[in-house]
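Which chain is which? The protein sequence lines are A and Z, in order.
Taking the numbering used here, the leading residue of the first sequence gets 1, the next gets one more, and so forth.
Taking the numbering used here, the leading residue of the second sequence gets 1001, the next gets one more, and so forth.
Glycine residues also receive a C-beta, built at the ideal position from the N, C-alpha and C atoms.
The model shown is predicted, which means the values in this text are computed figures rather than measured ones.
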Amino acid sequence: MRVEVLALALIVGLANYVFRYGPIGARLGAGQAGGAGWIARFLAATGPAAIATLVVASVLPLAGADRGPLVAGVAGVLALWVWRRSVVLATLGGAAAYGLVFAVSA
Amino acid sequence: MDETPSTFSRGLLTSVPIALGYFPIAFAFGVAATKAGFSGAEAFVLSLVIYAGASQFLALALMTSGAPLLVAAFTLVAMNLRHVLYGPALMKAAGEGASRHLAWGWAWGLTDEVFGAALGEMARGRRFSERYMFGLGLGAYAAWVSGTVVGAVAGGGALQGWPAVEAGLGFMLPALFLALLLSILTRAAVPVIAVAGLVTVCGTLAVSPTAGILGGMVAGALAGVVRT
């Protein structure tokens, strides 16, 4: 085990932990429930904003030349969500639709 | 609304699609690390201690290119700055009386996907519980670390004979994010989502994926502040 690899892991891992736990430990977000202040609105919007950002960021690299699998995957997620309202089923079904169309179009 | 607090086992169950998405990515990380000259033990430690997907792949590139330790560390830390927003947003959604006594433990697993899944659970009416967070985080973390180990041991080419399976697994996380977005979708959230998505595209194309993600999150959250 190289020392520089271990050092990098420890520095970055510690920073990640501070990022994830620090604000909770400092009770940021506490007492904001139902509040009307801008901090309450900011925090309430952070969740949808974060997830929307991650949808776009994860789909962008797939929007290359052959969009068939991507269209099938997205359609699969939407259809299964509308039908069953299940995150697990929509995720697995969307991935299966993506893989199937990928296999057919390959 | 279901007022039952979510249990540890429900957290584990919720982590299944996350784990299915994490495992092949972590597997790919294990393969890439060993190909780049890292030992299996080093790949394992990077996943065990850093536990942040994209930044781990970047760590391989930075270290093999000879970047100074502090420069590499600063770059990787900056990539994960967005995680600062997750805890407060989660506790805001959990409500006034939500326990956080054990947050020192479960907060370790508060990745993008775990945060999204927990938020989706509450959007569907379940009460926040720290047991649920432990179950959810443990399933995802176990998949990530075990996927890395299997990838490092197997080496390259394990999925080369199954390209459709590899492609489907590669779409698992985008599918999960989309399903989570649908689960928290409300009329009030539409402007936030639109702004976040637009800024992410612009930031990614103009600067970098990291800038796009961070800019999209902040711009979307600010859109939530200014709406009436």
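Below-8 Å beta-carbon distance, residue i vs any chain A residue
i	result
Gly-1216 of chain Z	yes
Thr-1034 of chain Z	no
Thr-1200 of chain Z	yes
His-1083 of chain Z	yes
Ser-1183 of chain Z	yes
Val-1165 of chain Z	yes
Tyr-1086 of chain Z	yes
Pro-960 of chain Z	There is simply no residue 960 of chain Z to check, as chain Z begins at 1001 and stops at 1228 in what is shown.
Phe-1008 of chain Z	no
Val-1225 of chain Z	yes
Trp-1144 of chain Z	no
Leu-1178 of chain Z	yes
Beta-carbon contacts of residue i that lie in its chain and below 7 Å, excluding the five residues immediately before and after
i	result
Val-101 of chain A	Gly-68, Pro-69 and Ala-72
Leu-1102 of chain Z	Glu-1130
Whole-number beta carbon distance between residue j and residue i, since they are thought to touch under 8 Å
i	j	result
Val-77 of chain A	Gly-1197 of chain Z	Not really, about 16 Å apart at Cβ, beyond 8 Å.
Phe-1029 of chain Z	Gly-1168 of chain Z	Going by Cβ atoms, the distance from Phe-1029 of chain Z to Gly-1168 of chain Z rounds to 19 Å, so no, they are not a contact pair.
Trp-81 of chain A	Leu-1182 of chain Z	5 Å
Pro-1174 of chain Z	Ser-58 of chain A	4 Å
Val-1045 of chain Z	Val-3 of chain A	With a Cβ gap of about 12 Å, Val-1045 of chain Z and Val-3 of chain A do not count as contacting.
Pro-1163 of chain Z	Ala-106 of chain A	7 Å
Inter-residue Cα distance where the pair is residue i and residue j
i	j	result
Leu-10 of chain A	Leu-1138 of chain Z	20 Å
Gly-1216 of chain Z	Ser-1208 of chain Z	12 Å
Pro-23 of chain A	Trp-1104 of chain Z	11 Å
Ala-1268 of chain Z	Pro-1088 of chain Z	The displayed coordinates of chain Z run from 1001 to 1228. Any statement about residue 1268 of chain Z would go beyond what the structure contains.
Ala-1143 of chain Z	Leu-1090 of chain Z	23 Å
Phe-1128 of chain Z	Ser-1006 of chain Z	6 Å
Pro-1068 of chain Z	Leu-1076 of chain Z	12 Å
Leu-8 of chain A	Ile-51 of chain A	28 Å
Leu-1060 of chain Z	Val-104 of chain A	34 Å
Leu-1185 of chain Z	Pro-48 of chain A	8 Å
Val-1192 of chain Z	Val-1199 of chain Z	11 Å
Val-88 of chain A	Phe-1008 of chain Z	17 Å
Ala-1211 of chain Z	Ala-1041 of chain Z	32 Å
Leu-1176 of chain Z	Val-1016 of chain Z	11 Å
Ala-1189 of chain Z	Lys-1035 of chain Z	43 Å
Val-1153 of chain Z	Gly-1170 of chain Z	20 Å
Val-84 of chain A	Arg-1010 of chain Z	In the sequence as presented, Val is not what sits at residue 84 of chain A; that position holds Arg. Whole-angstrom Cα-Cα distance: 18 Å.
Gly-64 of chain A	Glu-1096 of chain Z	45 Å
Ala-1107 of chain Z	Ala-40 of chain A	21 Å
CB contact check: residue i to chain D, cutoff 8 Å
i	result
Thr-1148 of chain Z	The structure shown contains no chain D; its protein chains are A and Z.
Residue i at chain Z interface by Cβ criterion, 8 Å
i	result
Gly-13 of chain A	yes
Gly-25 of chain A	yes
Arg-41 of chain A	yes
Arg-20 of chain A	yes
Ala-95 of chain A	yes
Ala-103 of chain A	yes
Gly-68 of chain A	no
Sequence-distant residues of the same chain with beta carbon closer than 8 Å to residue i, five excluded per side
i	result
Ser-1146 of chain Z	Phe-1023 and Ala-1026
Gly-1037 of chain Z	Thr-1064
Arg-1100 of chain Z	Met-1091 and Glu-1130
Ala-79 of chain A	Gly-93
Neighbourhood of residue i by C-beta distance below 6 Å, restricted to the same chain and skipping five residues each side
i	result
Tyr-1051 of chain Z	none
Gly-1116 of chain Z	Leu-1180
Val-1195 of chain Z	Ala-1219, Gly-1220 and Ala-1223
Leu-1110 of chain Z	Tyr-1086
Ala-1043 of chain Z	Gly-1030, Ala-1033, Thr-1148 and Ala-1152
Ala-1094 of chain Z	Phe-1128
Check: Is the number of C-beta pairs between the region 39-47 of chain A and the region 1067-1084 of chain Z that are closer than 8 Å three or more?
Finding: no
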